[in-house]
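S.K.: Counting from 1, position 105 in the sequence shown corresponds to residue 615 in our numbering; the numbering is continuous, with no gaps.
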Amino acid sequence: MGSTGPLGLMVMKQQSPLPPRGQLATRARHAVLNDIIDSENLADFVGTAVSYAAFTSLPLVQWDVTLPGINLTAEHLFFIGYCIKVCVSRYVVNEKYTPDPSRCIVPIMNMAEFSDAFECAPGSRMDPSKKCAFWP
């Protein structure tokens, strides 16, 4: 019964009645789904930062190049390549993942490296004044 005893437990039940059984199951399911979505979003953020760090750790001569005829640097292509995996003409709503466009846009819009590479206007959607970061 815990430290409150039977009377305390009864009062607690009266103050916060449980929702009907089906509603409780739905809440529990949504909590699990939110955990899955949150962990996928975290993986997107961390994966982008770690892969960019690996990319830029290459010797400059290997990544600081521009492809002839298309005026895109290797850095531009890094970000394009990152997003192409979720590039779809239409997407299916999936309870386990954030919508595909957001899986591309949100991590890179929070990277100063992206904003610098594409010369995004400060304060614009792709270079917000407040960025989310998981580490300095």
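Glycine residues also receive a C-beta, built at the ideal position from the N, C-alpha and C atoms.
By DSSP, does residue 558 sit in helix, in strand, or in coil?
M.R.: On the sequence shown, residue 558 is found 48 positions in, with the first residue counted as 1. It is helical.
S.K.: With 16 other CB atoms within 10 Å as the buried threshold, where does residue 580 fall?
M.R.: For the purposes of this step, residue 580 is taken as residue 70 along the sequence shown, with counting starting at 1. Under this definition residue 580 is an exposed residue.
S.K.: Measure how close the beta-carbons of residue 635 and residue 554 come, nearest whole angstrom, since I'm counting them as under 8 Å.
M.R.: The count along the sequence shown starts at 1 and reaches residue 635 at position 125. The count along the sequence shown starts at 1 and reaches residue 554 at position 44. Not a contact, Cβ separation roughly 17 Å.
S.K.: Helix, strand or coil, according to DSSP, for residue 608 in the structure here?
M.R.: Stepping through the sequence shown from its first residue, residue 608 is reached at position 98. The answer is coil: DSSP assigns residue 608 none of H, G, I, E or B.
S.K.: Tell me which residues share the same chain as residue 453 and place their Cβ nearer than 8 Å to its Cβ, disregarding the 5 neighbours each side in the sequence.
M.R.: Any question about residue 453 goes unanswered here, given that the chain covers just 511 to 646.
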